[in-house]
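Colleague:
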Amino acid sequence: MGELNNSAAHRRVSPRLQNVPAEKRPFYGSPKRTADESENDAVRTKRTKVAKPPKPPAQSSKPEAEPSKGKVILESGEGKDCVDWSWYTGADLPLTDGNGVSYTARVRETLRVFNLHYLHYVQEEEKRCRRPEFDKHLQNGSPVKSPSKKPPKGPSTSPSKESDKKKDDEPKKQSKRPDLKALSEMLKKNQILFPEKKIGHLPGIAVGHQFYSRAEMVAIGFHSHWLSGIDCVGESKGKEKFRGYELPFALTVVVSGQYEDDVDNSDEVVYTGQGGNDLLGNKQQIADQVMKRGNLALKNNMEQGIPVRVVRGHDCINSYTSKVYTYDGLYKVNNYWTDKGVAGFTVFKYRLKRLPGQDNLCSKQVNFVRARGSKVQAELPGLVCKDISNGQENICIPATNVIDKPPVAPEGLTYTNSIIVEKDVNIPTNAPGCSCKGNCTNPLTCSCARLNGDDFPYVSKDGGRLIEAKAVVFECGPNCGCGPGCVNRTSQRGIKHRLEVFRTDYKGWGVRSWDFIPSGAPVCEYTGVLRKTDEVDGLLGNEYIFEIDCWHTMHGIGSREKRMCDVTIPNGDAESGFSKLSESEPEFCIDAGSHGNVARYINHSCEPNLFVQCVLSSHRDVRLARIVLFAADNIPPLQELTYDYGYELDSVVGLDGKIKRLACHCGAVGCRKRLY
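Per UniProt numbering, residue 1 is the first one in the sequence shown, and the count goes up by one each step.
Shown next as structure tokens:
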């Protein structure tokens, strides 16, 4: 955590307590967009420069380009006037939309919506796979009977008609591609960020941006097809918007090693054309390519001087799709030719050259997937402590410092991976548990699932992922019949990602992960000493007080962001007991000033990649809920982990009675400039 002014007892209030307008609060769930907002999005799209590309010189009424704007020289020796693409380098792209929301925030919001739909359909798919088990269980004693399939009544018909009728009556099989179903849901709800095709860079997508599936690129509107490597503007849909252009032409190409004839030299790529490849099989060429669709589009790009966005795909064992796609900027098509490929079939090859003036390349070259080299892990520089947990966690947590001279290690913390309860705090007795055996799989029979709105809050994919942020999550506890591998114990398994505490330039210590962390995955619990809140008010210089405001969040009390609350509080006396606290501060807090874990070092951000989730497992008292940090986004390796501290502005008062202010150094585009 940052090194804050310690002249007064500053309290770290709930990360969901915001004294800012609702539209600028951190987003952790599905947005509720109105018709007016959708209309405004369309207007903003028209305002964006990249939405109105210049016409080709051959049909443009503008004067000839000045010599300074250069020529496109084809390798054949032919030259033609070049369209001025200088404003596509990204420098002139708008940072915010018409409402003042940064495009980076809108990209992140859109990807969170996609992940929300995706995890819902993952849950559906997991249920589908377990359906035979459910039906068998229900037939063996459950009061709920699974529906039986009965033959259609009525006179017999011909075999073909009977077969057709049978197909109509039978429920259709669910898709095994939850990512594609998520895309369909976003298309149906008009949630694609850039639904209209655009030339050049897109706002909010900087060179180096990483996608963790092709479906994510489609959700943004960056690449319009989940399988094809070339995204084109076709003749049918591009006639009006791109009038005067020779159609089709390409917008994006994905270099991912799927074609054995590709050659990647970073700044220059020899890209194999489209078609004739067994993409869903052995990835080898099985037929000749023809000059149509994407191949014709790239030829037209060359002739009209239109650049293409280049995305490189790499294997990534930590990614939930086993791939990562990095945007490497704009390239021009220099020339093309036909050749006999490795497999003996005719292929088109295109030489792509990276345009100058862009940020440096962030990804490595892409080789054919059958011929990859091994990876070598770099040494860890600035190591000052091999494991700050002293063996208490499943994985060592090193600390590094390349800022201070001489480097120093984190001090002043006694590490604990569990909550220490103060003597005057009474923990309720263990709550009754479910009667499931082995692992909880059926939400119809699991009593813990019923507390979460009649379904499990997690999916088992990637070791357990929370589908969406909730007011409170009820997990299985000590009195449940299930084992430690149960999906409804996801946050109880300790740290499973390789975390590192590192020294930052302006914020003291911070935390990052060496591994990819998928959205919804638990990162760590916030541990420390469980105290009564009124006991820490007089402590000077303690910046590590975390209030447990689960009850207040459930009811949106005190300007808190109210979350989805489709849960059941089993304690009948809770309503009457907690109603007395409706206008007061949370009764309990976690003090990590002297005892705590790695969560103590996680910094604040106005645009965080983690969110806070209250979790109940051993008991059902929401005043004493566990505080767990989950990934709000797909987090790439070495990106700093952050959450919103949620300080109320002007809430910190010094010993002299004056309001204290502290500048925020999170560096986010939408930074509020003040921490409190």
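Backbone N, C-alpha and C fix where the C-beta goes; we use that ideal spot for every residue, glycine too.
Determine the DSSP secondary structure at Lys-299, reduced to helix, strand or coil.
Modeller: Position 299 of the sequence shown, counted from the start, is the residue given in the question as residue 299. Residue state, collapsed to three classes: helix.
Colleague: Tell me, please, which residues DSSP counts as bridged to Phe-345.
Modeller: Indexing the sequence shown from 1 puts residue 345 at position 345. Per DSSP, none; premise fails for Phe-345.
Colleague: In this structure, how does DSSP classify Arg-309 when only helix, strand and coil are distinguished?
Modeller: Residue numbering aside, residue 309 sits at position 309 when the sequence shown is read from its first letter. DSSP places Arg-309 in strand when its eight states are reduced to three.
Colleague: Put Leu-675 into one of helix, strand or coil per three-state DSSP.
Modeller: If you number the sequence shown from 1, residue 675 lands on position 675. Coil.
Colleague: What three-state label does DSSP hand Cys-666 in the structure shown?
Modeller: Taking the sequence shown and counting its residues from 1, one reaches residue 666 at position 666. Three-state result, Cys-666: coil.
Colleague: Here's a check: name, in chain order, each residue in its chain whose Cβ is nearer than 7 Å to the Cβ of Asp-387, leaving out the five neighbours to either side.
Modeller: Numbered from its first residue, the sequence shown carries residue 387 at position 387. Counting only Cβ-Cβ distances below 7 Å, and skipping sequence neighbours, we find Cys-396, Ile-397 and Pro-398.
Colleague: What three-state label does DSSP hand Ile-220 in the structure shown?
Modeller: The residue given as residue 220 occupies position 220 in the sequence shown. Three-state DSSP puts Ile-220 in a helix.
Colleague: Measuring alpha carbon to alpha carbon, tell me which residue in Lys-437, Gly-275 and Gly-508 is nearest Val-487.
Modeller: Here residue 487 is taken as the residue at index 487 of the sequence shown, counted from 1. The shortest Cα separation from Val-487 among Lys-437, Gly-275 and Gly-508 belongs to Lys-437.
Colleague: Label Val-653 either buried or exposed according to how many other C-beta atoms from any shown protein chain fall within 10 Å of its C-beta, with 16 as the threshold for buried.
Modeller: Working through the sequence shown from its first residue, we reach residue 653 at position 653. Under this definition Val-653 is an exposed residue.
Colleague: For Gly-528, I'd like the list of residues in its chain whose CB is within less than 6 Å of its CB, leaving aside the five on either flank, ordered along the chain.
Modeller: Locating residue 528 in the sequence shown gives position 528, where the first residue counts as 1. These residues qualify, in order along the chain: Ile-590, Asp-591, Ala-592, His-595 and Gly-596.
Colleague: Could you have a look at Ala-215 and say whether DSSP puts it in helix, strand or coil?
Modeller: In the sequence shown, the residue the question calls residue 215 occupies position 215. Ala-215 falls in the helix class under three-state DSSP.
Colleague: For the beta strand (DSSP E) containing Pro-522, list its first residue and its last residue.
Modeller: The count along the sequence shown starts at 1 and reaches residue 522 at position 522. That run of the beta strand (DSSP E) goes 522 to 525.
Colleague: Assuming Gln-304 and Leu-330 are in contact, meaning their beta carbons sit under 8 Å apart, how far apart are those beta carbons, in whole angstroms?
Modeller: If you number the sequence shown from 1, residue 304 lands on position 304. If you number the sequence shown from 1, residue 330 lands on position 330. Not a contact, Cβ separation roughly 14 Å.
Colleague: With a threshold of 6 Å on Cβ separation, who are the neighbours of Pro-94 within its own chain once the five nearest residues in sequence on each side are excluded?
Modeller: For the purposes of this step, residue 94 is identified with residue 94 of the sequence shown, where counting begins at 1. Result list for Pro-94: Pro-203, in chain order.
Colleague: Can you confirm whether the region 457 to 465 touches the region 403 to 413 when touching is taken to mean that 3 or more C-beta pairs between the two stretches lie within less than 8 Å?
Modeller: With the cut-off at 8 Å, the region 403 to 413 and the region 457 to 465 do not touch.
Colleague: What three-state label does DSSP hand Ser-582 in the structure shown?
Modeller: Residue numbering aside, residue 582 sits at position 582 when the sequence shown is read from its first letter. Note that Ser-582 has pLDDT 48, beneath the 50 cutoff, so the model's placement of it is unreliable and no number is given.
Colleague: Is the beta carbon of Pro-586 closer than 8 Å to that of Glu-535?
Modeller: Residue mapping note: residue 535 aligns to position 535 of the sequence shown, counting from 1. Residue mapping note: residue 586 aligns to position 586 of the sequence shown, counting from 1. It is not a contact, given that the beta carbons lie outside the stated cut-off.
Colleague: Among Ser-513, Asp-650, Tyr-506 and Thr-504, which residue has its Cα nearest to the Cα of Arg-498?
Modeller: Locating residue 498 in the sequence shown gives position 498, counting from the first residue. For the residues Ser-513, Asp-650, Tyr-506 and Thr-504, the minimum Cα distance to Arg-498 belongs to Ser-513.
Colleague: Please name the residue, chosen from Arg-351, Arg-620, Arg-503 and Thr-326, that lies closest to residue 687 on a Cα-to-Cα basis.
Modeller: There is no way to answer for residue 687, as the model of the chain reaches only from 1 to 676.
Colleague: Can you tell me which of Asp-462, Gly-463, Arg-131 and Phe-474 puts its alpha carbon nearest to the alpha carbon of Gly-453?
Modeller: Within the sequence shown, residue 453 is the residue found at index 453, counting from 1. Selected option, being the one with the closest Cα: Phe-474.
Colleague: At a cut-off of 7 Å, would you count Leu-466 as near the ligand SAH, judging by its Cβ distance to the nearest heavy atom?
Modeller: The ligand SAH is not part of the structure shown, which contains no ligands of any sort.
Colleague: For Leu-380, I'd like the list of residues in its chain whose CB is within less than 7 Å of its CB, leaving aside the five on either flank, ordered along the chain.
Modeller: Reading the sequence shown from its first residue, position 380 is the one you call residue 380. Counting only Cβ-Cβ distances below 7 Å, and skipping sequence neighbours, we find Pro-398 and Thr-400.
Colleague: Could you tell me the alpha carbon to alpha carbon distance between Lys-181 and Arg-128, rounded to whole angstroms?
Modeller: For this step, residue 181 is matched to residue 181 along the sequence shown. For this step, residue 128 is matched to residue 128 along the sequence shown. Approximately 15 Å between the Cα atoms of the pair.
Colleague: Determine the DSSP secondary structure at Thr-326, reduced to helix, strand or coil.
Modeller: Taking the sequence shown and counting its residues from 1, the one referred to as residue 326 is at position 326. If DSSP states are grouped into helix, strand and coil, Thr-326 belongs with the strands.
Colleague: Here's a check: name, in chain order, each residue in its chain whose Cβ is nearer than 8 Å to the Cβ of Arg-130, leaving out the five neighbours to either side.
Modeller: Counting from one through the sequence shown, the residue named residue 130 turns up at place 130. Contacts found: Thr-441 and Asn-442.
Colleague: Let me make sure I understand the geometry here. Which of Leu-119, Ile-205, Asp-288 and Leu-296 has the alpha-carbon closest to that of residue 685?
Modeller: Outside the shown range of the chain (1 to 676) lies residue 685, about which nothing can therefore be said.
Colleague: What's the gap between the Cα of Arg-450 and the Cα of Thr-553?
Modeller: Here residue 450 corresponds to residue number 450 of the sequence shown, with the count starting at 1. Here residue 553 corresponds to residue number 553 of the sequence shown, with the count starting at 1. So the two alpha carbons sit approximately 21 Å from each other.
Colleague: Asp-179 lies in the beta strand (DSSP E); which residues open and close that run?
Modeller: As a working mapping, residue 179 is identified with position 179 in the sequence shown. First-last for Asp-179: 178 to 188, but that is the alpha helix (DSSP H), not the beta strand (DSSP E).
Colleague: Cα-Cα, which of Pro-432, His-619, Glu-393 and Ala-431 is closest to Arg-493?
Modeller: Taking the first residue of the sequence shown as position 1, residue 493 is located at position 493. With distances taken between Cα atoms, Arg-493 lies closest to Glu-393.
Colleague: Going by DSSP, what residue range makes up the alpha helix (DSSP H) through Leu-451?
Modeller: Against the sequence shown, residue 451 aligns to sequence position 451. That run of the alpha helix (DSSP H) goes 447 to 451.
Colleague: Tell me, which residues are paired with Asn-277 by DSSP?
Modeller: Start at 1 with the first residue of the sequence shown, and residue 277 comes out as number 277. Answer is Gln-285, bridged to Asn-277.
Colleague: DSSP state of Lys-153, grouped into three classes?
Modeller: Within the sequence shown, the letter at position 153 stands for residue 153. Any reading at Lys-153 must be qualified, since the residue scores a pLDDT of 48, below 50, and its modelled position is unreliable; the value itself is stated next. Residue state, collapsed to three classes: coil.
Colleague: Ignore the nearest five residues each way along the sequence and tell me which others in Phe-249's own chain have a CB closer than 6 Å to its CB.
Modeller: Mapped onto the sequence shown, residue 249 falls at position 249. Answer for Phe-249: Val-233, Ala-297, Asn-300, Asn-301 and Ile-306, listed in chain order.
Colleague: For Gln-285, I'd like the list of residues in its chain whose CB is within less than 6 Å of its CB, leaving aside the five on either flank, ordered along the chain.
Modeller: Here residue 285 corresponds to residue number 285 of the sequence shown, with the count starting at 1. These residues qualify, in order along the chain: Gly-276, Asn-277, Gly-341, Ala-343 and Phe-345.
Colleague: If you check the beta carbons only, do Ile-199 and Ile-220 fall under 8 Å apart?
Modeller: For the purposes of this step, residue 199 is taken as the residue at position 199 of the sequence shown. For the purposes of this step, residue 220 is taken as the residue at position 220 of the sequence shown. Taking 8 Å as the Cβ cut-off, Ile-199 and Ile-220 do not qualify as a contacting pair.
Colleague: Give the C-beta separation of Val-271 and Val-253 to the nearest angstrom, bearing in mind that I take them to be a contact with Cβ-Cβ under 8 Å.
Modeller: Stepping through the sequence shown from its first residue, residue 271 is reached at position 271. Stepping through the sequence shown from its first residue, residue 253 is reached at position 253. Going by the sequence as given, residue 271 is Tyr instead of Val. Between Val-253 and Tyr-271 the Cβ distance is about 6 Å, and since that is below 8 Å, they are a contact.
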